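Remarks on the structure that follows.
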Amino acid sequence: MNLVTKRRIGFIGAGKAANVIATALHDCGYTISSISSRDISSATSLSDHILDCIPSSNIQDTATECNIVFITTPDDAILSVAKSIIWKSKCIVIHCSGSKTLEVLNPARDQGAQIGSLHPVQTFSGEIGNKESLKGVTFAIDGEDDVLDILRQLVLDLGGFPVKISPELRPLYHLSAFLACGGLVTLVSKASSLWESMGYNDSTGLQSLLPLIKKTIENIEAKGTYGSITGPVHRGDISTISEHISAIRKQSPDTMDIYKSISKYATKLSSQNGGIDYNTSQQIIDLIENDSKITGES
Numbered sequence: 001m002n003l004v005t006k007r008r009i010g011f012i013g014a015g016k017a018a019n020v021i022a023t024a025l026h027d028c029g030y031t032i033s034s035i036s037s038r039d040i041s042s043a044t045s046l047s048d049h050i051l052d053c054i055p056s057s058n059i060q061d062t063a064t065e066c067n068i069v070f071i072t073t074p075d076d077a078i079l080s081v082a083k084s085i086i087w088k089s090k091c092i093v094i095h096c097s098g099s100k101t102l103e104v105l106n107p108a109r110d111q112g113a114q115i116g117s118l119h120p121v122q123t124f125s126g127e128i129g130n131k132e133s134l135k136g137v138t139f140a141i142d143g144e145d146d147v148l149d150i151l152r153q154l155v156l157d158l159g160g161f162p163v164k165i166s167p168e169l170r171p172l173y174h175l176s177a178f179l180a181c182g183g184l185v186t187l188v189s190k191a192s193s194l195w196e197s198m199g200y201n202d203s204t205g206l207q208s209l210l211p212l213i214k215k216t217i218e219n220i221e222a223k224g225t226y227g228s229i230t231g232p233v234h235r236g237d238i239s240t241i242s243e244h245i246s247a248i249r250k251q252s253p254d255t256m257d258i259y260k261s262i263s264k265y266a267t268k269l270s271s272q273n274g275g276i277d278y279n280t281s282q283q284i285i286d287l288i289e290n291d292s293k294i295t296g297e298s
């Protein structure tokens, strides 16, 4: 067991991320000594799953008790938390935001703390974690050299894959995660809602689409995105694309921008993958960009 497991670790913030990360670390042999939250009930609920972990409503308690402190509050609260605490010199302070750089921890650094960041490329729904919860997950890490070494070891112990993301690329990294998670949920919601125009509710739509969604994810995992793209764009089926656009204009106008954006990028993917030739791709782009000229539409 590495030396990091001997250090006292604490969490400030007892939300969804802390529920998984803290309990997963505990299951991997790390010492989680303190959980603090202004909502003592959430701190208590999480600490109940961790042996000898003390809950508190005072975040200073965690900073005083622990050698390594994870700030797992909402992103907009990280800076105010860092400012409000008296930090011990040489302690390690880590935020778990995907979008924020290390600058939000400068108040801790100014007091002699070492700082870093760790963000799992994963979504959490409030479940309690275990040593299997974060296996195979990529973690974006940053920090000073000594802190990076600790974070790499921690991620490896969790069964994850550490990647260093530089500060200037942090927004792009977070955008990638958003598109794959929140963007996907938004797209599925829109696809499900179209069933309302067919006489069904969106719950029926979702249940009908879930097997398709699951199989698509399986295909991506097995074949990558290029090997998994299907549909009328990939086939160069101009007439079906035209029918889609006509249906959108008649029955779901607010779907048009989404459809155009996705279809344009699908055209690019299919062209790069040999699915359609240049002339067909240009016909599709012209059709998408000039949808008002579809035959039969004014």
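Position 91, counted from 1, in the sequence shown is what my numbering calls 91; the numbers after and before it change by one each time, with no gaps.
Even glycine gets a Cβ: it sits at the ideal position worked out from N, Cα and C.
Predicted, not measured: the structure shown is a model, and the values here were computed from it.
Tell me which residues share the same chain as residue i and place their Cβ nearer than 8 Å to its Cβ, disregarding the 5 neighbours each side in the sequence.
i: A266; result: I229, G231, V233, H234
i: F161; result: G136, V137, T138, F139, V155
i: S197; result: Q251, S252
i: I285; result: K264, T267
i: R152; result: I141, P162
i: G183; result: none
Which term fits residue i, buried or exposed, when burial requires 16 or more other beta carbons within 10 angstroms of its beta carbon?
i: V185; result: exposed
i: G13; result: buried
i: I217; result: exposed
i: D142; result: buried
i: Q114; result: buried
i: D157; result: buried
i: G227; result: exposed
i: T31; result: buried
i: A222; result: exposed
i: S33; result: buried
i: S84; result: exposed
i: A180; result: exposed
i: I9; result: buried
i: I86; result: exposed
i: P167; result: exposed
i: G275; result: buried
i: S47; result: buried
i: N19; result: buried
Taking 6 Å as the limit between beta carbons, can you name the residues of its chain near residue i, skipping five residues before and five after?
i: M256; result: I248
i: R109; result: I115
Reducing DSSP to helix, strand and coil, say where residue i ends up.
i: R249; result: helix
i: S37; result: coil
i: G205; result: helix
i: G182; result: helix
i: S166; result: coil
i: T230; result: coil
i: S56; result: strand
i: R7; result: coil
i: T62; result: helix
i: T31; result: strand
i: I50; result: coil
i: I294; result: Because the pLDDT of I294 is 46, which lies under 50, any placement of that residue in the model is unreliable, and the number read from its coordinates should be weighed accordingly. DSSP places I294 in coil when its eight states are reduced to three.
What whole-angstrom Cβ distance do residue i and residue j have, given they're in contact under 8 Å?
i: S354; j: I59; result: The chain is shown from 1 up to 298; residue 354 falls before or after that span and cannot be answered.
i: V163; j: I92; result: Incorrect: roughly 20 Å between the Cβ atoms, too far for contact.
i: S99; j: R170; result: 6 Å
i: G302; j: T72; result: Absent from the model: residue 302. The displayed extent of the chain is 1 to 298, so no value can be given.
i: A63; j: K131; result: Contact flag wrong, Cβ pair sits at about 26 Å.
i: T204; j: G236; result: Not quite, the Cβ-Cβ distance comes to about 32 Å (not below 8 Å), so this is no contact.
i: V104; j: A177; result: Their Cβ separation, rounded to whole angstroms, is 18 Å, which puts V104 and A177 out of contact at 8 Å.
i: S189; j: L209; result: About 10 Å; that fails the 8 Å criterion.
i: I50; j: H26; result: 5 Å
i: I213; j: Q283; result: That pair is no contact at about 29 Å.
Going by beta carbon distance, what residues of the same chain come within less than 7 Å of residue i, once the five residues before and after it are set aside?
i: P74; result: none
i: A17; result: T72, C96, F124
i: I165; result: A140, D142, Y173
i: E65; result: R8, G10, S33, S34
i: E297; result: With a pLDDT of 43 at E297, under the threshold of 50, the predicted position of this residue should be treated as unreliable, and no value is reported.
Check whether the Cβ of residue i sits closer than 8 Å to any heavy atom of the ligand ZN, and report yes or no.
i: S36; result: Of the ligands one can find in the structure shown there are none, so the ligand ZN has no counterpart to examine.
(message) Just to confirm the assignment: which complete beta strand (DSSP E) runs, minimum length 3, are found wholly within the segment 70–158?
(response) Runs of the beta strand (DSSP E) inside the segment 70–158: 92–95, 114–120, 138–143.
(message) At 4 residues or longer, what runs of the alpha helix (DSSP H) sit wholly inside the segment 234–285?
(response) Whole alpha helix (DSSP H) segments, 4+ residues: 238–251, 256–272.
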